Amino acid sequence: MMQQYLRLKAEAGPLLLLYRMGDFYEMFYEDAERGAKLLGLTLTRRGSSNGVPIPMAGLPYHAAEQYLAKLVAQGVSVAICEQIGDPATSKGPVDRKIVRIGTPGTLTDEALLPSKADRCVAAVFVPRKSNKAQRAGVAWLNLASGEF
Numbered sequence: 546m547m548q549q550y551l552r553l554k555a556e557a558g559p560l561l562l563l564y565r566m567g568d569f570y571e572m573f574y575e576d577a578e579r580g581a582k583l584l585g586l587t588l589t590r591r592g593s594s595n596g597v598p599i600p601m602a603g604l605p606y607h608a609a610e611q612y613l614a615k616l617v618a619q620g621v622s623v624a625i626c627e628q629i630g631d632p633a634t635s636k637g638p639v640d641r642k643i644v645r646i647g648t649p650g651t652l653t654d655e656a657l658l659p660s661k662a663d664r665c666v667a668a669v670f671v672p673r674k675s676n677k678a679q680r681a682g683v684a685w686l687n688l689a690s691g692e693f
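Each number in my numbering corresponds to the 1-based position in the sequence shown with 545 added.
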């Protein structure tokens with residue numbers, strides 16, 4: 546299980562990784578220390594690596610959206626790893642993968658957005674080469690109001 550976690554953590558890079566284990570999302574190592582401090586969670590440990598206890602913090606899956614909102618409000622980017630395999634039929638660790646990324650700049654979930662703040666996204670298109678005068682296209686969308 547810990548090898549799988551470390552592989553997914555390498556994939557997530559600097560993002561705080563929420564690793565689904567049954568009814569909880571777990572954080573390990575530096576993510577556990579950071580997550581516990583930011584969210585006011587109890588820091589505990591799970592097993593050891595080379596005789597050193599592995600820090601762990603967890604949160605119930607049904608409260609994940611509330612905790613995600615708290616993290617994003619503090620400027621933290623989060624990778625959410627879900628169990629995609631069936632624990633009942635799995636031999637060895639249940640298959641997992643990162644299925645969602647939440648960042649302050651890409652958050653679009655209405656339930657997590659501040660109710661009185663604009664949340665804008667923009668796209669710019671510049672053609673690679675053209676014999677004509679250079680033109681560009683710009684699109685702007687306010688996700689909070691739907692204004693385009």
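Note that CB positions come from ideal geometry on N, CA and C, so glycine has one too. Since the model is a prediction, treat every value here as computed from it, not as a measurement.
By the 16-neighbour rule on beta-carbons within 10 angstroms, F573 is buried. If you keep only unbroken alpha helix (DSSP H) runs of at least 4 residues inside the stretch 550-633, you get 574-584 and 609-618.
For V666, the enclosing beta strand (DSSP E) covers residues C665 to F670.
With fewer than 16 other CB atoms across the displayed protein chains lying within 10 angstroms of its CB, D568 is exposed.
Contact holds between the stretch 612-627 and the stretch 554-563, because three or more Cβ pairs, one in each stretch, are under 8 Å apart. Closest option to Y564, judged by alpha-carbon separation, among R645, T651 and K674: R645. DSSP lists V669 as the bridge partner or partners of V683. For G647, the enclosing beta strand (DSSP E) covers residues R641 to G647.
In its chain, beyond the 5 residues on either side, V639 have a beta carbon closer than 6 Å to the beta carbon of P632. Put simply, of A614, E575 and V671 the residue whose alpha carbon is nearest the alpha carbon of P600 is E575. Excluding five sequence positions before and after R641, the CB atoms of its chain that fall closer than 8 Å to its own CB belong to Q549, L553, Y564, R565, C626, E627, Q628, I629 and G630, given in chain order.
The beta-carbon separation of L688 and V666, rounded to 6 Å, stays under the 8 Å limit for a contact. Contact annotation: L604 and Y570 have beta-carbon atoms nearer than 8 Å. By the beta-carbon neighbour count (other beta carbons within 10 angstroms, threshold 16), G647 is buried.
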